[in-house]
Every structure is written in C-alpha cells, then in structure tokens.
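S.K.:
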Amino acid sequence: MAIFLGFLSWFSYFFIIFLYALKIARYLRMPVNLRWELYPLGFKEKLKFLGEYLIFSEYFKRKKTYWLFLYPWHVGFVGLILFHLLCFLSALFGREALFRITALVGIISFLSGLFGGIGLFIKRLKDQDLRPYTSFTHFFTYVFTILLFSSGLLAYFLEPSLEGYRRFWERLLRFDFVKVSDGLAFHLLIFSLFLMYLPFTSSVHYLTKILGFFLIRWDNKPMRKGGRIEKLMERQLQRKISWSGPHLQQGSSWKENVFF
Amino acid sequence: MEWASPPTGIKLEGERLFLMKIEDFFKEDPLLCSIKKEELLELPFPFEDPKEIPGIRSLEEGKWREFEVSLDGVMAIGISKPKTEKEKREFINRFLSGLRKLLSEDDNWTFFRPLFHSLEYCQRCQLCSEACPIYLASGRKEIYRPTFRGEILRRIIEKYLKGKGFFSKFKPNDFELTFSAVARLGELSYRCTLCRKCAQVCPLGVDNALIAREIRKLFSQELGIAPKELHELGTMKHLKIGSPTGITPQALKDLVRFIEEDIEERTGERVKIPMDKEGAEVLFLHNTGEFLSFPENLEAFAIIFHRSRIDWTLSSELMGYDAVNYGLWYDDVQLMRIALKQVEIAKTLKVKRIVLGECGHAHKALLGVADRILLKELNIPRESALILIEKILREGKIRLDPRRNDFPVTLHDPCGIVRQMGIVEVPRRILRRICPNFREMNPCGVENYCCGGGSGFAVIRSANFPDWRNLIAGRMKLKQIVEVFQDVISPDINKYVCAPCSNCKAQIRDLFSFYKVWEKCRIFYGGLAELVVNAMADLKRPFIEWEWR
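The listed protein sequences correspond, in order, to chains A and B. Take 930 as the starting number for the first sequence in this note's numbering and just add one per residue. Take 19 as the starting number for the second sequence in this note's numbering and just add one per residue.
See the structure below:
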C-alpha cells in the first residue's frame, strides 16, 4: 500500500503537470486570430482583472449567492495546493511555526472547500438558471471535491500534529515510501486521483483565462508593415479552405479566395 | 394575447411544447417558445400598457408549411423544410461537416482561438444572462439566454464530433440531431445582436456572442444559408454593384449633386463635395444607406470639412463609396473581400488616410477586425470621423454657439464604436461642448445596451422579423431612452437622441415608429455631425429640422 501510494502520488503530480502543459502549449500554438478585442483595455482594467482573479469580484458584484460558494470552493483548491507545499517545506525545515501555519492553511482549505463544494452542489441542483446547464460531470466533480476535502478534514482530526503528512512527504522525495495511517492514506489516495481527474475537466480555465484576456480580449496590437503579425498572417492566408458554400472556392487558399 | 403562434390551419404534430430542458430543443415539430406581450420587460410611461403596443404578426400558413420557424414563430433566415427523409439527413450531415470545419485551424484560423476558448471554458454560471438586453427584454425566455446557443452547440460537438471516449458516456447525450434542431440553431443565431455585452461581464473571457456569429458563419460558409438582406442583397450586391443599397457609381454622383443643392438650400452656402480627388488627405468612407435615408449626415460632414478646410474626397469607384461590411456579421471570406476592396480603392486614389463616417460596424470592421489582413501597402492609416471632428473643434476652426442646441440631448453609444473600438469619451467631450442639456443614459459607455438593430438586424426585413426586433431586441434601448427623458417626456418639448451610427439610427427610426415615440414624446434622433452644424454660430437657420421621417 505504501509503495502504491508513493508511486501514485508521483505519477499524479507528473500527470497533471504534463497534461496542463500540453493544454497550455496547444492554446499558445493556436493561429493568431483576427482582432476581436473588447474595450476598455487599459491599466485600470488589468487591475480589475487582478481583483477578479484573486477575489472573484465580478461574481461578488453580480451574483453574490453564487460567489458565496464558488469563492470558498476555489479557496479550498488553492489552500490545498499551498497546504501540500507547506507540508513539503515543513518536512525539509521542521520549524514549529511552519507546522502551525501548515495546519491553519490545511484546516481553512478543507473547511472552505467542503462548504463551497456542498453549496455549489445544492445551488446547481436547485437554481432554475443553473440546473438545465448542469450535467452529471458537474455533480460528479462536486461530489469528488466534497470527498476530497472531507477526507482531508478527517485525516487532520485523526492526526492534528500532521506528523504523518510530513513523514510521507519527506520520504516521498527520497523515493522511500512510508506507511501512513488509514485516514491519511485514504485522503492521499483521493487527492492523487483528483489530480489525475482535473485535466479532464475545464479546471485549466484558471490559467487559460489569463491567456484569453491577454491574447483575445485585450489584444489590439495593430499590424505593422514587415512585423511579426504580418508574417504570420501571410502564412495563414496560404491555408486551404474546405468550406463548400457556393460563393467560395473550395480547395483554394484563403488568399486566393479573398483577393479575387 | 399570444403572438407569433401558428395560424389555425397549422396543426403541430407533437404536443405544443415550451422549452423546459435543453434536450427539448432537439425534438421535432413543437413550437419551442411562445411569449405573451404581458411577459416582456415592463416599459416606463407612456408605454406601460402592453395592449397599446403592436404585437408580432403571425406568419402566414404557407410560410409555416414551407419554412422551419418552430423556434419562436419568427423568421429571419427562412430555412426551407426538406421534402424527404434523405434530404433531411443530407442537411444534417452537411451541418456536421461545417461544424468540423468550424473547429479546424485551417478552415477557421480567423476565430479559432476565441471560439475554442468560449466553447471550452464557459462554466455556465449565467453571469452573462443578466447583461443581455434580449434575454431580459423577452421576460427571460430560455432560448434567448446568451449561454443557450453555446450549450446546444457543445452538446452536438460532444455527441457527434468527439464521440466515443470514456467521458462521453457521462456527458448529456440523450437526444438525436434533427433537421428542426439544426434549422432552429441557424435561426437562433439571429436572435443575438452580437453586441458582446455578455462577453464584457464574463470573468473567464468567454464570448457567447462570438458563438452566435460562428454559427451564422457555419451556415453561410458551408450551407450557403444566410438572411438574403445580408448575403444576396448585402455582401454579394456590394461586391457586384458597389453597395447593398443598389447605388451605382453613377447614381452616387447624381445623389451627391442633390446633396450639394440641399446644403445650399439649407445654409445658403455653396459647398462642393469633392469626388475622386487623387492624393487627397482624407478619403471619407461612409455608409451609403445614410446618403439615402439620412442625407443630412453627409451634408453636415461636408459643411464641417468645408469650413475647416479639410482636404477630403469621396470615391465613386465601385466598392469605394460604401463603408458597410455585412461580412462582419456572418461570413469571414465576405468580410475580407469587402475590406480589401475598400482599401485598394484608397490606395489607387493615393489618399493619405481613410476616415470612417458615423457607422459603428464599419468602424469595427475596417479599423479593428480586418486590420490583420491588410498586408504591406494595403495597410493604409484609418481613423474615425468622431476623432477628426473633435480635432477640428479643439483647433477652433469652427465658431460654435451651444445655445443653439438648447434642448435635451442624450447619447446612444453604438456597440461597434464604444465596446468594440474603445471610442467612448470623444463623442461625450463633443456633446458636452455643444449641448448644454446633455444627459447620460444608464448604463452608458462601454456598458451601453445595443439599439436592437445590431449585426444586420436593422436591415433584415423578412416576414415578421422586424416586429420581433422592435418588440424584443430594441425594447431595452427604448426603455433607456424614455427613462432618460422622463422629466421632459411631454410631447411639447423637443428631445434628441444622438446616435452616431447609421445602423442604430435606422433601428431607432423603426423602433420609434413602432411605439409611436415621436407622437407621444417628441423624441427625435440623428447623428453627431448634425448637432455640430446645428451649433454653428453663423448658420442662418437651425440645421436640425424637427420633422419626423
């Protein structure tokens, strides 16, 4: 069991990093689109975006009951990552203060995520605006997160000193897989499975929304003669069209279609 | 009273159905949405009684039989019903083939990334619904929700294109793609004005208006289906004879002479409108529909340019005199063809820059969207006429007396100019300078509401679509206008809605006629240039004539 859990932990981390990286790389490699920016797009907007990114200000402003659950749910995720990072640091440096901070972050993360997960599950189930657009996979994700955060909470209450966590992390880094308590083992198992599940959801939106704002919504870079965009566009206009509308020449390039 | 319901001769085979679940969209036959006037967004005085407002005319029996109108009983495109099962299957297959192309980088590099982003990362939180004027004005009808089209498209993609993966079993797939569903989706793409207010409020950068546009594109570029006013009588006519209005180069010259005479009659001043002047500083590219429907706008620009000694010209070359680009609303290839022809004319004329008249979508098309296809020598400087007017006023080239505009004025922000081009403060600075009684609508600027005629709606005249446009799409704008003038709503006081966009003006004209706004409230509409000329200190008589037309 200890070896399985150790390998699963390593694998799940690599898996999520690898798949997220693929998704981001794919996004970045997409062809440069025609300009489709939305205004305003100055410095003030970027500050607003930062606020949105950190505290979901747009949701708070426009849909408070949704924000009430959505925000804690996300705080739960961020807190969980931070908690694992702190466990790792605690294992390396072993300071009492660090242990306390780690425990605090952990408990906030578990409680917050649990509250958000349950709240969103109910909200999506009951809210007439949301229900028709909520699929089985949405509910599955909420249940999965409820399980994840509650297992974390359980593991914490079974072992408030977090000694097991730290030992697990410390040994994991040395490929020395150590046996942990059943409660912790269960949480670590769920956590690893969750990491592997995440790339199959739209969770990467936490990163792609930055790309979306910078590469689409705020992208008003004008075309300069002889510049990078002009060269890219020249290449893109050479792509072939397979649209079969009667006013188009199927099989010829965009350039041949538009310069006629 | 219900409207847009089938005539008594038409029996719907299935039970009449009002949409309850997303899957209902895929069912054959039932009418998905029928709305009572009483359910629509309430309007302020003097339009609060729904009984006094006209409804949407029911389509004739022949149209119900011939076309697929089961979305809401309204027809913008008019997709003919196939006669046989085989034809239905072929239609569905061609739609799916188009959908594959929409999701291909080669066929859709133009908007692939924004479309992918919007399809992939929308969380269906419905934050955007509260921003959509059509959804709100309709009394929150599900089919008009900004996320609805995307959700339908996503489910089709999951089931028919992505197919058989492990996770597909858990995705909603309890439906079969029917002809009705595909045709409804096409119609539904013309229930969004592409104003992009939904995109503005999305914290994830999702653009549901773009999804509507991309569905339109699929229908046009693959199936050859688009409203005839946009395609056959729009871009095709534009490319062939020079303008969707039907104005030929010769007709333009005659029209310009008439406009010159009209200027002389109004002002006593002989103002020459230069035509095809090689090497001019400015090629003035305006919406030709304006010359016919609102000639006073071109007259006002001619007077401003004449008095401020701008070296300008119009072009009478084919494609050189109409700034419109309907391709922006439904077809990338047509968009590019028109934009390229327009700048080629400017290049041939050797002008220094193109100045775009008061036309919102022309701003967006030529200043923004088409920018990246204007390669090398076609990359000619382009700017908005609003910027030029402000510059002229700032330089003091025209003597103004704001007291001449001493009536309540509000500004309608055209989406193509504010939210999509970022020109927000310029018209405001001008108005504050020339209109002492200027007042803002709420919300305004980049958060404005669309006039309801955006994305071609103002020119689509098919069947009962204009009724739907006036009753639903323009309702929020009407509410805003009436509210902003509520303290002076009496018909004894002249009021002016400044709408610096041809399309918006056409919509406001229709909207006001539909609700009898002129008769009940004496609210007039017009451009910005007219207000500037009206404020000219030495004009013998007011330039704005308070006559409804």
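In this text, a Cβ means the ideal position worked out from N, Cα and C, and glycines have one as well.
Can you list the residues of chain A that residue 212(B) reaches, using a CB-CB cut of under 9 Å?
M.R.: Per Cβ cutoff of 9 Å: no residues; residue 212(B) is ~11 Å from chain A at best.
S.K.: Hey, how far is the Cα of residue 427(B) from the Cα of residue 514(B)?
M.R.: If you take the alpha carbons of residue 427(B) and residue 514(B), they lie about 5 Å apart.
S.K.: Taking the alpha-carbon positions, what's the residue 175(B) to residue 1118(A) distance?
M.R.: Straight-line Cα distance between these residues: approximately 33 Å.
S.K.: Which residues in chain A sit within 9 Å of residue 277(B), going by Cβ to Cβ distance?
M.R.: Within 9 Å Cβ-Cβ: nothing; residue 277(B) doesn't reach chain A, min ~32 Å.
S.K.: Alpha carbon to alpha carbon, what distance is there between residue 305(B) and residue 340(B)?
M.R.: Taking the straight line from one Cα to the other gives about 5 Å.
S.K.: Quick one: list the residues of chain B neighbouring residue 1007(A), beta-carbon separation under 7 Å, in chain order.
M.R.: The contacting residues do not exist; residue 1007(A) stays about 16 Å from chain B at best.
S.K.: DSSP on residue 543(B), reduced to helix/strand/coil?
M.R.: Correct three-state label for residue 543(B): strand.
S.K.: Do you know how far the Cα of residue 1034(A) is from the Cα of residue 32(B)?
M.R.: Low confidence applies to residue 32(B): its pLDDT is 47, below 50, so where it sits in the model is not reliable enough to give any reading.
S.K.: So, at 7 Å on beta carbons, what are the nonlocal neighbours of residue 566(B) in its own chain, with the 5 sequence-adjacent residues on each side left out?
M.R.: These residues qualify, in order along the chain: 536.
S.K.: Kindly indicate if chain B contains any beta-carbon less than 8 Å away from that of residue 969(A).
M.R.: Yes, because at least one Cβ of chain B sits closer than 8 Å to the Cβ of residue 969(A).
S.K.: Would you say residue 351(B) and residue 1177(A) are within 8 Å of each other, going by their C-beta atoms?
M.R.: A contact, by the Cβ cut-off of 8 Å.
S.K.: Against chain A, does residue 131(B) count as a neighbour if the rule is that its beta carbon must be under 8 Å from one of theirs?
M.R.: Closer than 8 Å: yes.
S.K.: With a threshold of 8 Å between beta carbons, is residue 1179(A) in contact with chain B?
M.R.: Not one chain B Cβ lies under 8 Å of residue 1179(A).
S.K.: Can you list, in chain order, the residues of the region 1157-1189 of chain A whose Cβ is nearer than 8 Å to any Cβ on chain B?
M.R.: Cβ contacts with chain B come from 1158, 1159, 1162, 1163, 1165, 1166, 1168, 1169, 1170, 1171, 1172, 1173, 1174, 1175, 1176, 1177, 1183, 1186, 1187, 1188, 1189.
S.K.: The region 389-423 of chain B: which residues have C-beta closer than 7 Å to a C-beta of chain A, in chain order?
M.R.: Residues passing the 7 Å Cβ filter: 389, 390, 391, 392, 393, 394, 397.
S.K.: Is there a C-beta anywhere in chain B that falls below 8 Å from the one on residue 1142(A)?
M.R.: So, interface residue.
S.K.: Is the CB of residue 1075(A) under 8 Å away from at least one CB in chain B?
M.R.: No, no contact with chain B.
S.K.: Starting from the Cα of residue 1094(A), find the closest Cα among 1109(A), 1083(A), 1076(A), 998(A) and give me that residue.
M.R.: The residue with the shortest Cα to Cα distance from residue 1094(A) is 1109(A).
S.K.: Among the residues of its own chain, which have a CB less than 6 Å from the CB of residue 126(B), if the five just before and after it don't count?
M.R.: 120.
S.K.: I'd like the ranges of any alpha helix (DSSP H) spanning at least 4 consecutive residues and lying wholly in the region 383-468 of chain B.
M.R.: Listed in chain order, they are 403-412, 443-452.
S.K.: Starting from residue 40(B), find everything on chain A with Cβ-Cβ shorter than 9 Å and list it in chain order.
M.R.: Simply 1061, 1062.
S.K.: Opposite residue 515(B) in the DSSP bridges: which residues?
M.R.: 428(B), 543(B), per the DSSP bridge assignment.
S.K.: Are the beta-carbon atoms belonging to residue 294(B) and residue 334(B) less than 8 Å from one another?
M.R.: Yes, Cβ-Cβ distance for residue 294(B) and residue 334(B) is below 8 Å.
S.K.: Can you check which of these residues, 1030(A), 947(A), 933(A), is closest to residue 1124(A) by C-alpha distance?
M.R.: Looking at the Cα atoms, 947(A) is the closest of the given residues.
S.K.: Could you give the distance in angstroms between the alpha-carbon of residue 116(B) and the alpha-carbon of residue 1172(A)?
M.R.: So the two alpha carbons sit approximately 7 Å from each other.
S.K.: Tell me the rounded alpha-carbon separation between residue 319(B) and residue 548(B).
M.R.: One C-alpha to the other measures close to 8 Å.
S.K.: If you check the beta carbons only, do residue 230(B) and residue 207(B) fall under 8 Å apart?
M.R.: Yes, Cβ-Cβ distance for residue 230(B) and residue 207(B) is below 8 Å.
S.K.: In three-state DSSP terms, what is residue 1184(A)?
M.R.: Three-state result, residue 1184(A): helix.
S.K.: Looking at the C-beta of residue 98(B), does it have a partner C-beta in chain A at a distance below 8 Å?
M.R.: No, because no Cβ of chain A sits closer than 8 Å to the Cβ of residue 98(B).
S.K.: For residue 1081(A), collect the residues of the same chain with a Cβ closer than 6 Å to its Cβ; drop the 5 residues on either side in sequence, then sort them by chain order.
M.R.: Excluding sequence neighbours, residue 1081(A) sits near 1039, 1116.
S.K.: With 16 as the cutoff for other CB atoms within 10 Å, does residue 1103(A) come out buried or exposed?
M.R.: Exposed, since its Cβ has fewer than 16 Cβ neighbours within 10 Å.
S.K.: Give me the residue from 286(B), 406(B), 452(B) with the minimum Cα distance to residue 421(B).
M.R.: Residue 452(B) is the option with its Cα nearest to residue 421(B).
S.K.: In whole angstroms, what is the alpha-carbon distance linking residue 179(B) and residue 1129(A)?
M.R.: Those two C-alpha atoms are separated by around 17 Å.
S.K.: Taking all protein chains shown into account, decide if residue 932(A) is buried (16 or more other Cβ within 10 angstroms of its Cβ) or exposed.
M.R.: Exposed.
S.K.: Below 8 Å between beta carbons: does that hold for residue 129(B) and residue 278(B)?
M.R.: No, the Cβ-Cβ distance between residue 129(B) and residue 278(B) is not below 8 Å.
S.K.: Quick check: is the beta carbon of residue 431(B) nearer than 8 Å to any beta carbon in chain A?
M.R.: By this cut-off, residue 431(B) is not an interface position.
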